[in-house]
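Enquirer:
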Amino acid sequence: MTTVRAPRLEKITPANLEAALALRVRPEQEFAVDPVAHSLAEAYVRPGKAWPRVIVDGGRVVGFVMAFLDFDWRDDGTDVRSGLWRLNIAADEQGRGYGRFAVNAVAEELRRRGTNALHVTWHPGAHGPENFYLTLGFEKTAEKVNDEHVGVLRL
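If you're matching positions, the sequence shown starts at 135 in the numbering used here and goes up one per residue.
1. Considering Cα atoms alone, identify which of L143, R246, A241 and I146 is closest to R288.
2. Counting pairs of beta carbons, one from the region 274–285 and one from the region 245–259, are three or more of them closer than 8 Å?
3. Whole angstroms are fine: how far does the CA of L244 sit from the CA of E144?
4. In the structure shown, what three-state DSSP assignment does R285 receive?
5. May I have the straight-line CA-CA distance separating R158 from F198, to the nearest angstrom?
6. Output needed for D168: all residues of its chain with C-beta closer than 7 Å, excluding positions within five of it in sequence on either side, in chain order.
7. Can you pull the DSSP bridge partners for I189?
8. Helix, strand or coil: which one does DSSP assign to V159?
9. Can you grab the Cα-Cα spacing for the pair E176 / A154, in whole Å?
10. Beta-carbon within less than 6 Å of I223's beta-carbon, same chain only, minus the 5 sequence neighbours each way: which residues are those?
11. Need the endpoints of the beta strand (DSSP E) that H224 sits in, please.
12. Please return the same chain residues whose Cβ sits closer than 7 Å to the Cβ of Y267, not counting the five positions on each side in sequence.
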């Protein structure tokens, strides 16, 4: 009998930190997402706003995801949003459903917190994640942030 394992999210701990820091996306995707170390530094300086997790399958760390929670989008209190801040899937683990799993897990966490929309931004480009997000049901808005497109998934 074969045991079927499902991916899961885990908090960053001393036991998985090195594996998280070692994650690398494909070279042609590096323009589109910051390394995990940068994300963890941002999480450190924004406690309560960042929700970093590793994606684990069996005993392997296969990716990293970080949500943003109740973030003041315009720095003036008029537009508070939550969403997907970072998604890094290891180069040799891509195409196995881990990205979809991570986005769905973030969506579920935001629903649990009473949020009705999941926001994401992405860099345009041939090797960027736009098609991935649109396939998951995100709607591309007319809004841009620092030359990145903004998408929203209604929860």
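C-beta: ideal position from N, C-alpha, C; glycine also.
Expert: If we stick to the structure as given:
1. A241
2. yes
3. 16 Å
4. Before going further, note that residue 285 is Gly rather than Arg in the sequence given. Three-state result, G285: strand.
5. 10 Å
6. R220
7. L143 and G197
8. coil
9. 15 Å
10. G197, Y232 and G233
11. Note on identity: in this sequence residue 224 is Ala, with His being the wrong assignment. That residue, A224, is in no beta strand (DSSP E); it is neither H nor E in DSSP.
12. V254, W256 and G285
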